Amino acid sequence: DFEELAKEYSDDTGSAEDGGFIDYFNKDDNMDEAFLNASIDLEEGEYTKEPVQSSFGYHIILKVDQKDKPELDEVRDDIKETLAKEKLNEDSALMYNALIEIREEAGIEFNDDSLKKDYDELMQQLIDNVSSAG
Numbered sequence: 001d002f003e004e005l006a007k008e009y010s011d012d013t014g015s016a017e018d019g020g021f022i023d024y025f026n027k028d029d030n031m032d033e034a035f036l037n038a039s040i041d042l043e044e045g046e047y048t049k050e051p052v053q054s055s056f057g058y059h060i061i062l063k064v065d066q067k068d069k070p071e072l073d074e075v076r077d078d079i080k081e082t083l084a085k086e087k088l089n090e091d092s093a094l095m096y097n098a099l100i101e102i103r104e105e106a107g108i109e110f111n112d113d114s115l116k117k118d119y120d121e122l123m124q125q126l127i128d129n130v131s132s133a134g
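The numbering of the sequence shown is this note's numbering, which starts it at 1 and goes up by one.
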C-alpha cells in the first residue's frame with residue numbers, strides 16, 4: 001500500500017514517516033510548480049504513472065482527497081478582510097511617504113516636544129499598519 005511504501009522508501013524527511021501524506025494545498029500556496037501541476041491533474045485515488053521531477057527530487061503522487069472549493073458566502077468575510085488589509089497597506093504607505101515628503105519639502109522642524117512626539121507616534125502607527133497588513 002502507498003503509505004507503507006512511502007514510509008519505507010521515501011527520502012522526504014517531512015512526509016515519509018506520515019506515509020507520504022502532505023496536507024491540503026492549492027495553487028496559491030508556495031508549492032513546486034511541477035508537483036502542483038501533476039497533482040491538480042489527478043483524480044481522487046489516482047497516482048502519477050511516471051515519477052514527477054520537482055526542485056526537491058522525484059515523486060510518485062497519490063491524490064487521496066480533494067477539498068471542494070468553498071461557497072462565496074463561506075469566504076466572503078475573509079475576502080473582505082484581505083482586501084481591507086491590502087487597501088490599508090497601500091493607503092498607509094502612501095500617507096507615510098507623503099507626510100515625509102511634504103515635511104522635507106517644507107523644511108518643517110518640530111520645536112515643540114509634544115508635537116514631535118505626536119508626529120512620531122502617527123508615523124509609527126503608519127509603519128505598523130504597513131507591516132501588519134503586508
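The beta-carbon is built from N, C-alpha and C at its ideal position, and this holds for glycine as well. Since the model is a prediction, treat every value here as computed from it, not as a measurement.
V64 (DSSP reduced to helix, strand or coil): Position 64 of the sequence shown, counted from the start, is the residue given in the question as residue 64. If DSSP states are grouped into helix, strand and coil, V64 belongs with coil.
query: What's the C-alpha gap between I40 and E81?
result: Numbered from 1 along the sequence shown, position 40 holds the residue referred to as residue 40. Numbered from 1 along the sequence shown, position 81 holds the residue referred to as residue 81. For I40 and E81, the distance between alpha carbons rounds to 28 Å.
message: Contact between the region 82-98 and the region 41-48 is defined here as three or more beta-carbon pairs at a separation below 8 Å; is this criterion met?
response: Counting Cβ pairs under 8 Å, fewer than three are found: no touch.
query: Whose CA, out of I61, S54, L72 and Y9, lies closest to the CA of D23?
result: On the sequence shown, position 23 is the one that residue 23 refers to. The candidate whose alpha carbon is nearest that of D23 is I61.
- request: Whole angstroms is fine: what's the gap from H59's alpha carbon to D68's?
  value: On the sequence shown, residue 59 is found 59 positions in, with the first residue counted as 1. On the sequence shown, residue 68 is found 68 positions in, with the first residue counted as 1. Here the alpha carbon of H59 sits roughly 24 Å from the alpha carbon of D68.
task: Between the Cα of K63 and those of F2, E105, K7 and I108, spot the shortest distance and give me the residue it belongs to.
output: The residue you call residue 63 lines up with position 63 of the sequence shown. Residue F2 is the option with its Cα nearest to K63.
task: May I have the straight-line CA-CA distance separating F35 from E4, to the nearest angstrom?
output: On the sequence shown, residue 35 is found 35 positions in, with the first residue counted as 1. On the sequence shown, residue 4 is found 4 positions in, with the first residue counted as 1. When rounded, the distance between both Cα atoms is 21 Å.
- prompt: On the premise that G19 lies in contact with K27, defined as a C-beta separation below 8 Å, what is that separation, rounded to the nearest angstrom?
  reply: What you label residue 27 is simply residue 27 of the sequence shown in a count that begins at 1. What you label residue 19 is simply residue 19 of the sequence shown in a count that begins at 1. Rounded, the Cβ-Cβ distance is 24 Å, inconsistent with contact.
field: Distance between S10 and F21 (C-alpha atoms, nearest Å)
entry: As a working mapping, residue 21 is identified with position 21 in the sequence shown. As a working mapping, residue 10 is identified with position 10 in the sequence shown. The alpha-carbon atoms of F21 and S10 are separated by roughly 11 Å.
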